[in-house]
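Novice: Line order of the protein sequences matches chains A and B. Taking the numbering used here, the leading residue of the first sequence gets 399, the next gets one more, and so forth. Taking the numbering used here, the leading residue of the second sequence gets 271, the next gets one more, and so forth. One structure is given below, represented as C-alpha cells, and several questions about it will come after.
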Amino acid sequence: MLNAHLSPGPLPSRMQLTADGKLKHFLTIEGLPPLLLEEILDRAEQFVTLPNKQQKKAPLLRGKTVMNLFFENSTRTRVTFEIAAQRLGADVTNLDIRTSSASKGETLLDTVRNLEAMNADMFVVRHEHAGAAHFIARYCAPHISVLNAGDGRHSHPTQAMLDMFTIRQKKGSFQPLKVAIVGDVLHSRVARSQIHALTTLATGEVRVVAPKTLVPAGIEKMGVNVFHKLDEGIADVDVVIMLRLQRERMQTALLPSEREFFKLYGLTEERLQLAKPDAIVMHPGPINRGVEIDSRVADGNQSVILEQVTNGIAVRMAIMAMIMGPQTGGVA
Amino acid sequence: MSLLIRNARAIDPASGLDGQRNLLLHNGRIVAIAEASANFSADEEIDASGLWLFPGGIDLSAWLREPGLDHKATLRNETRAAAASGLTTLCYQPEPGANFDTAAQVKLVIDLSQRKAVTNVLVVGNLTQGLKGEQLSNMGSLKKAGCVAVTNGWQPFKSLQTLRRAMEYAATHDLTVFVYPVEHALASGGYMHEGEVSARLGFPAIPSAAETVAVAQTLALASHTGARVHFCRLSTKLSVKLIKQGKESGLDITADVAAHQLFLTEMDVADFNPLCHVMPPLRSSRDQDALREGLKDGTIDAICSDHQPHELDAKLAPFQQTEPGISALETLLPLTLRLVEEGVLDLQTALQKVTSNPARIIGSEAGHIQVGAPADLVLFDPDTLWELDLNRMISDGKNTPFAGWSFNGTVKRTLLAGKSVFSV
Chain A
399 MLNAHLSPGP LPSRMQLTAD GKLKHFLTIE GLPPLLLEEI LDRAEQFVTL PNKQQKKAPL
459 LRGKTVMNLF FENSTRTRVT FEIAAQRLGA DVTNLDIRTS SASKGETLLD TVRNLEAMNA
519 DMFVVRHEHA GAAHFIARYC APHISVLNAG DGRHSHPTQA MLDMFTIRQK KGSFQPLKVA
579 IVGDVLHSRV ARSQIHALTT LATGEVRVVA PKTLVPAGIE KMGVNVFHKL DEGIADVDVV
639 IMLRLQRERM QTALLPSERE FFKLYGLTEE RLQLAKPDAI VMHPGPINRG VEIDSRVADG
699 NQSVILEQVT NGIAVRMAIM AMIMGPQTGG VA
Chain B
271 MSLLIRNARA IDPASGLDGQ RNLLLHNGRI VAIAEASANF SADEEIDASG LWLFPGGIDL
331 SAWLREPGLD HKATLRNETR AAAASGLTTL CYQPEPGANF DTAAQVKLVI DLSQRKAVTN
391 VLVVGNLTQG LKGEQLSNMG SLKKAGCVAV TNGWQPFKSL QTLRRAMEYA ATHDLTVFVY
451 PVEHALASGG YMHEGEVSAR LGFPAIPSAA ETVAVAQTLA LASHTGARVH FCRLSTKLSV
511 KLIKQGKESG LDITADVAAH QLFLTEMDVA DFNPLCHVMP PLRSSRDQDA LREGLKDGTI
571 DAICSDHQPH ELDAKLAPFQ QTEPGISALE TLLPLTLRLV EEGVLDLQTA LQKVTSNPAR
631 IIGSEAGHIQ VGAPADLVLF DPDTLWELDL NRMISDGKNT PFAGWSFNGT VKRTLLAGKS
691 VFSV
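Next comes the structure, spelled out in C-alpha cells:
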C-alpha cells in the first residue's frame with residue numbers, strides 16, 4: 399500500500415493507453431501516437447450531424463454511466479460532454495463539486511472513492527489544478543476511465559481535438575499548414591493541447607504570438623516558433639487561433655490595458671489580410687469582442703468559431719466511444 | 271567506561287587523516303588515536319577490520335515537527351532514523367507551528383530530546399517573533415538557552431529594514447543568521463521551477479530570480495551589517511556565482527545545498543510526482559551542474575538533508591495541493607557518498623560537507639576525529655549494496671522520491687558520545 403501510494407506514478411502519456419494501444423484515459427495529447435489522433439478524427443466524422451438530417455442513433459454506450467465532475471465552473475464544456483454522452487446512450491450525472499463536498503473539506507481522493515462506489519464507468523473531470531485528472535486516473539478503480547475536460551493551465555485535450563477536426567475539415571492535410579496561436583498562451587491549457595496536437599500531426603509550422611508577459615519561458619521546447627509582433631506572427635498563415643484574454647490579466651501587471659492589447663494583438667479584418675487569403679479564424683470561446691478579436695472577424699466568412707462548437711460534440715462522442723464502446727480497434 | 275575501536279580505516283576530513291587506526295574512547299570523548307599496532311586496553315573492544323570510521327554526520331536543516339506538528343513526525347523516530355543513517359547531530363529548523371521565540375520553548379525541545387532523541391538535537395531559533403518578519407525575537411535569551419543560530423525559515427520579512435535590523439541584532443549576540451533566500455513577491459503562487467517543464471505542464475512557476483534577487487540583497491546587507499550569514503538550500507546557478515563573489519570579497523558567509531538538488535531536476539516533476547514537490551523547487555540540469563561545481567570548489571560548504579517528514583495524506587493530492595518537502599535523513603549520507611562514486615567529489619571533501627564544515631558553521635566541537643573531540647562516530651561498511659525500501663524507513667515520513675534507488679555502503683554502528691545509538 400505504502401509503495402503503491404508513494405512511488406512515482408507513470409507519465410500521463412503512458413497511463414492513457416492500454417498494453418495493446420487502446421485508449422483507456424484521455425488526459426493529455428502529449429505522447430499519444432499520431433495514428434491514434436487520426437483515428438479520433440476519423441471516428442468523429444461518423445458522428446457529425448449533417449444539416450437537415452436526423453442524428454444517427456449510436457447507442458454504443460447503453461448501460462454505461464458517465465459522471466461529469468466539474469470542480470471549476472464551465473457550462474458550455476459540460477453541456478457538450480453531456481450531449482455527447484447522451485447521444486451515445488449513456489446515463490449522465492452532473493456533479494458541481496465546487497458547491498458540494500470539496501467546500502466541506504473532503505479531499506479529492508475521498509470524493510473520487512465515493513463516486514466510484516456509485517458504479518461510474520467514466521469520470522469527465524475539470525479541475526483548477528494541473529495534474530488533477532492524472533491524479534484521479536492514477537488512484538481510481540481500474541474499471542473507470544478518466545476524460546480530462548481541463549486541468550489548470552495544463553491540458554484540455556478534447557478542445558484541441560475538436561480544433562484539429564475543424565482544421566482537417568477545412569484544410570485537409572496538416573503537413574503544409576502554418577498555424578498561429580495568438581494571445582494569452584501562458585494561462586491557456588487549450589494552447590498547450592493544441593501545440594501537442596499540431597506537432598504530433600506534423601503540422602508544417604506552429605507559431606505562438608504574444609507579448610513576453612504572456613508566453614511561458616521555455617515554450618519553444620514544445621516545438622513552436624515564438625513571435626512577439628502579430629503582423630509578423632500571422633504573415634502567410636493558414637490558420638489563426640485566437641485565445642481568450644481574461645480581464646484579471648490587467649490587474650496582475652501582465653498587460654497595461656485591454657485597449658493596448660487590442661491595438662497590438664487584436665485580430666482585425668485589416669490584420670487578417672496578412673494571413674493567406676483562405677486562412678480560417680478559430681477561437682475556443684467564449685470570445686471577448688473588441689479585446690482579442692474584432693466582431694467583423696468573429697462573425698466574418700473566414701471565421702469557423704461556431705463550427706468548432708458543433709464539432710465539439712462529435713469529437714467528444716468519438717473519444718467516449720473509443721474508450722468505452724465495443725469493437726474499438728487499437729492502434730498498433 | 272572505555273571503548274576501543276580496532277583496525278578501522280579512520281577518515282577525518284578536517285585533518286586529512288585516512289589510514290588504519292585504533293581509537294580509544296573514554297567518557298564520551300576520543301582520548302587516543304594510534305597506528306593499528308598500538309596496544310590499548312579498554313572495557314570493551316570493537317574489531318572494525320574492513321570498516322570505515324568517520325565523524326558522525328551533522329545535518330544543518332531538519333524539520334523535526336515535535337512538539338506542535340507531531341502528526342508528521344516525532345523526535346524519537348526522526349533521531350532513530352538519523353542514527354541509523356550515520357548522523358549524530360541535527361539542527362532543528364523552526365517553522366510556523368513549531369518555532370522558538372523564547373528560552374522556555376528552546377528548553378522544552380532540549381528537555382524533550384534528552385528524553386526521546388538518540389542523537390544530538392540543536393535548536394535554530396526564530397529570527398523574528400513567531401517568524402512573522404516584524405519584531406525581533408529575544409535573541410539574547412535564545413543564545414543563552416542554547417540556540418546555535420537564528421533564522422526566519424521560509425517566512426517573509428515585512429521589509430528589508432526588518433531583515434537589516436535582525437541581522438545587526440543577531441551580530442550583537444554573535445549569532446549566525448541562517449537565511450533561506452527567497453523573494454516572495456517573485457515566488458508566491460509558484461509550485462515548480464520556471465522553465466521548459468513548467469511551460470509544458472502549465473504550472474504556476476518560481477523563477478530562478480526569486481532566489482538570486484534575495485541572495486544579492488542579503489549579501490549587500492551582510493556587507494553593510496557585518497553579520498555572519500549562512501545561506502540555506504541554494505538551488506540556482508547564479509546564486510552559486512554570487513556567493514562565490516561574496517566570499518572572495520571577504521564576507522563572513524557560508525552556504526549549503528539540499529542533497530536532493532544534486533540528484534533531481536525539474537524533469538523529475540514531469541509526471542506530476544508530488545514526492546518531487548520541494549521548496550526551493552527542483553531546478554534545471556544547468557543549475558544542478560553549478561551546485562555540484564560549487565561544492566567542488568568550496569563555494570558551497572555543506573550538504574543538508576532539508577528533512578521534511580510528512581504524513582501520507584500530505585502527498586496524496588494533485589501536485590499543487592500537496593505539501594512540499596522530502597523525508598531525507600535516511601538519504602543524506604548515501605547521496606553524499608554517491609557524489610564520490612559519480613566522481614564529483616573525493617571522499618574527504620564529500621565527508622567534509624556533512625561533518626567538519628557544518629560543525630564549523632554552528633560552532634560545534636563535533637565533526638572531527640581528534641583527541642579530545644566528542645566520540646560521535648560512524649562505522650561504515652563500504653562493501654554492501656542496498657535499496658531504499660519505504661517499508662523499512664525509520665522516519666515517520668515516508669515521503670521520498672528515492673525509493674528503489676540503490677546505494678553502496680551501510681552504517682554498521684553509530685556512536686554518540688562514545689555510546690552506541692545504532693548498530694546492526
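Yeah, the Cβ is synthetic: ideal placement off N, Cα and C, and Gly gets one too. Just so you know, these numbers come straight off a predicted model, no measurement behind them.
Between the C-alpha atoms of V581 of chain B and D666 of chain B, what's the straight-line distance to the nearest angstrom?
Specialist: Looking up residue 581 of chain B in the second sequence gives position 311. Looking up residue 666 of chain B in the second sequence gives position 396. For the record, residue 581 of chain B in the displayed sequence is Glu; it is not Val. Their backbone Cα atoms lie some 7 angstroms apart in a straight line.
Novice: Mind checking whether V604 of chain A and V613 of chain A have CB atoms under 9 angstroms apart?
Specialist: The residue given as residue 604 of chain A occupies position 206 in the first sequence. The residue given as residue 613 of chain A occupies position 215 in the first sequence. Not a contact, by the Cβ cut-off of 9 angstroms.
Novice: To the nearest angstrom, how far is the alpha carbon of E657 of chain B from that of V539 of chain B?
Specialist: Position 387 of the second sequence, counted from the start, is the residue given in the question as residue 657 of chain B. Position 269 of the second sequence, counted from the start, is the residue given in the question as residue 539 of chain B. Computed Cα separation, rounded: 22 angstroms.
Novice: If you measure beta-carbon to beta-carbon, which residues of the region 631 to 645 of chain B are closer than 8 angstroms to chain A?
Specialist: From the region 631 to 645 of chain B, no residue has a Cβ closer than 8 angstroms to chain A.
Novice: In the region 609 to 649 of chain B, which residue ranges form an unbroken alpha helix (DSSP H) of at least 4 residues, counting only runs that do not cross its ends?
Specialist: Entirely contained in the region 609 to 649 of chain B, the alpha helix (DSSP H) runs reaching 4 residues are, in chain order, 617 to 622 and 626 to 632.
Novice: Around the Cβ of E612 of chain B, are there at least 16 other Cβ atoms within 10 angstroms (buried) or fewer (exposed)?
Specialist: What you label residue 612 of chain B is simply residue 342 of the second sequence in a count that begins at 1. Under this definition E612 of chain B is an exposed residue.
Novice: Below 9 angstroms on C-beta distance, what does M559 of chain A contact in chain B?
Specialist: The sequence position of residue 559 of chain A within the first sequence is 161, counting from 1. Per Cβ cutoff of 9 angstroms: no residues; M559 of chain A is ~18 angstroms from chain B at best.
Novice: List, from N- to C-terminal side, the alpha helix (DSSP H) runs of 4 residues or more that fit wholly inside the region 415 to 459 of chain A.
Specialist: As far as the region 415 to 459 of chain A is concerned, its whole alpha helix (DSSP H) runs of at least 4 residues are 432 to 445.
Novice: Let me know the secondary structure DSSP gives Q363 of chain B once reduced to three states.
Specialist: As a working mapping, residue 363 of chain B is identified with position 93 in the second sequence. Reduced to three states, the DSSP call for Q363 of chain B is coil.
Novice: Specify the secondary structure class of G289 of chain B as computed by DSSP and reduced to three states.
Specialist: Reading the second sequence from its first residue, position 19 is the one you call residue 289 of chain B. Strand at G289 of chain B.
Novice: Per DSSP, what are the beta-bridge partners of E668 of chain A in this structure?
Specialist: Position 270 of the first sequence, counted from the first residue, corresponds to residue 668 of chain A. For E668 of chain A, which the question treats as bridged, DSSP gives no partner whatsoever.
Novice: With a 10 Å radius around its C-beta and 16 neighbouring C-beta atoms as the bar for buried, classify V694 of chain B as buried or exposed.
Specialist: By one-based count along the second sequence, residue 694 of chain B stands at place 424. By the neighbour-count rule (16 or more Cβ atoms within 10 Å), V694 of chain B is not buried but exposed.
Novice: Under three-state DSSP, which class holds H663 of chain B?
Specialist: Taking the first residue of the second sequence as position 1, residue 663 of chain B is located at position 393. The sequence shown places Met at residue 663 of chain B, rather than the His named in the question. The answer is coil: DSSP assigns M663 of chain B none of H, G, I, E or B.
Novice: Within the chosen definition, does the region 412 to 431 of chain B reach the region 365 to 374 of chain B through at least 3 CB pairs nearer than 8 angstroms?
Specialist: Yes, they touch.
Novice: Given a threshold of 16 other Cβ atoms within 10 Å of its Cβ, counted over all protein chains shown, does R645 of chain A qualify as buried or as exposed?
Specialist: For the purposes of this step, residue 645 of chain A is taken as residue 247 along the first sequence, with counting starting at 1. R645 of chain A should be labelled exposed.
Novice: Using only the alpha-carbon positions, how far apart do G728 of chain A and V622 of chain A sit?
Specialist: Against the first sequence, residue 728 of chain A aligns to sequence position 330. Against the first sequence, residue 622 of chain A aligns to sequence position 224. Legend: pLDDT at G728 of chain A = 42, less than 50; position of this residue unreliable, value from coordinates given subsequently. Using only the alpha carbons, I get a separation of about 30 angstroms.
Novice: May I ask you to report which of helix, strand or coil DSSP gives C574 of chain B?
Specialist: Walking along the second sequence from the start, residue 574 of chain B turns up at place 304. C574 of chain B: strand per DSSP, three-state reduction.
Novice: Distance cutoff 9 angstroms, beta carbons only. Does I617 of chain A sit that close to anything in chain B?
Specialist: On the first sequence, residue 617 of chain A is found 219 positions in, with the first residue counted as 1. Yes, because at least one Cβ of chain B sits closer than 9 angstroms to the Cβ of I617 of chain A.
Novice: Kindly list the residues whose CB is nearer than 7 angstroms to the CB of N686 of chain A, restricted to its own chain and excluding five residues on each side of it in sequence; keep chain order.
Specialist: Within the first sequence, residue 686 of chain A is the residue found at index 288, counting from 1. Answer for N686 of chain A: R642 and L643, listed in chain order.
Novice: By Cβ distance below 7 angstroms, which residues in the same chain neighbour P644 of chain B in space, the five residues on each side in sequence not counted?
Specialist: In the second sequence, counting from the first residue as 1, residue 644 of chain B sits at position 374. Result list for P644 of chain B: G298, R299, E635, A636 and A687, in chain order.
Novice: Spell out whether any CB of chain B is found under 9 angstroms from the CB atom of G419 of chain A.
Specialist: Counting from 1 along the first sequence, the entry for residue 419 of chain A is found at position 21. Cβ-Cβ to chain B under 9 angstroms: no for G419 of chain A.
Novice: Which runs of the alpha helix (DSSP H), 4 residues or longer, sit entirely within the region 603 to 686 of chain A?
Specialist: DSSP runs (the alpha helix (DSSP H)) wholly in the region 603 to 686 of chain A: 628 to 631, 646 to 649, 656 to 663 and 667 to 670.
Novice: Anything in the region 504 to 532 of chain A with a Cβ closer than 8 angstroms to a Cβ of chain B? List those residues in chain order, please.
Specialist: Of all residues in the region 504 to 532 of chain A, T505, L506, L507, H525, H527, A528, G529, A530 and H532 have a Cβ within less than 8 angstroms of some Cβ in chain B.
Novice: Following the continuous beta strand (DSSP E) through D381 of chain B, name the residue where it begins and the one where it ends.
Specialist: Within the second sequence, residue 381 of chain B is the residue found at index 111, counting from 1. No beta strand (DSSP E) contains D381 of chain B, which is instead part of the alpha helix (DSSP H) from A373 to K386.
Novice: Have a look at L513 of chain A and P724 of chain A and give me their C-alpha separation to the nearest angstrom.
Specialist: For the purposes of this step, residue 513 of chain A is identified with residue 115 of the first sequence, where counting begins at 1. For the purposes of this step, residue 724 of chain A is identified with residue 326 of the first sequence, where counting begins at 1. Distance between the alpha carbons of L513 of chain A and P724 of chain A: 24 angstroms.
Novice: Could you have a look at S411 of chain B and say whether DSSP puts it in helix, strand or coil?
Specialist: Residue 411 of chain B sits at position 141 when you count from the first residue of the second sequence. Reduced to three states, the DSSP call for S411 of chain B is helix.
Novice: Is any beta-carbon of chain A found at less than 9 angstroms from that of R553 of chain B?
Specialist: Residue numbering aside, residue 553 of chain B sits at position 283 when the second sequence is read from its first letter. It does not: the Cβ of R553 of chain B has no partner Cβ on chain A nearer than 9 angstroms.
Novice: R276 of chain B versus chain A: which residues are under 9 angstroms apart at the beta carbon?
Specialist: Position 6 of the second sequence, counted from the start, is the residue given in the question as residue 276 of chain B. What R276 of chain B touches in chain A: nothing, since even the nearest Cβ is about 40 angstroms away.
Novice: Which of the residues in the region 582 to 593 of chain B, read from start to end, lie with their CB under 9 angstroms from any CB of chain A?
Specialist: Hits within the stretch, in order: L582, D583, K585, L586, A587, P588, F589, Q590 and Q591.
Novice: Over the uninterrupted beta strand (DSSP E) stretch that includes D561 of chain A, give me the two end residues.
Specialist: In the first sequence, residue 561 of chain A corresponds to position 163, counting from 1. From DSSP, D561 of chain A is part of no beta strand (DSSP E) but of the alpha helix (DSSP H) over P555 to K569.
Novice: Residues in its own chain within less than 8 angstroms of S472 of chain A by CB, not counting five upstream and five downstream?
Specialist: The count along the first sequence starts at 1 and reaches residue 472 of chain A at position 74. Result list for S472 of chain A: R524, A547 and G548, in chain order.
Novice: To which residues of the same chain is A488 of chain A closer than 6 angstroms at the C-beta, ignoring the five residues directly before and after it?
Specialist: One-based indexing of the first sequence puts residue 488 of chain A at position 90. Counting only Cβ-Cβ distances below 6 angstroms, and skipping sequence neighbours, we find L459, K462 and V464.
Novice: If you reduce the DSSP assignment to three classes, tell me which class F427 of chain B lands in.
Specialist: Numbered from its first residue, the second sequence carries residue 427 of chain B at position 157. Reduced to three states, the DSSP call for F427 of chain B is coil.
Novice: Let's see if you can read the secondary structure: which residues bound the alpha helix (DSSP H) around S555 of chain B?
Specialist: To locate residue 555 of chain B, count along the second sequence from 1; it is residue 285. First-last of the alpha helix (DSSP H) with S555 of chain B: S555 to K566.
Novice: Can you list, in chain order, the residues of its chain whose CB lies under 8 angstroms from that of R647 of chain A, leaving out five sequence neighbours each side?
Specialist: The count along the first sequence starts at 1 and reaches residue 647 of chain A at position 249. Cβ neighbours of R647 of chain A beyond the five flanking positions: D582, H585, L612 and L653.
Novice: Between S591 of chain A and I579 of chain A, what straight-line distance do the alpha-carbon atoms span, to the nearest angstrom?
Specialist: By 1-based counting over the first sequence, the position of residue 591 of chain A is 193. By 1-based counting over the first sequence, the position of residue 579 of chain A is 181. Spanning the two alpha carbons is a distance of roughly 11 angstroms.
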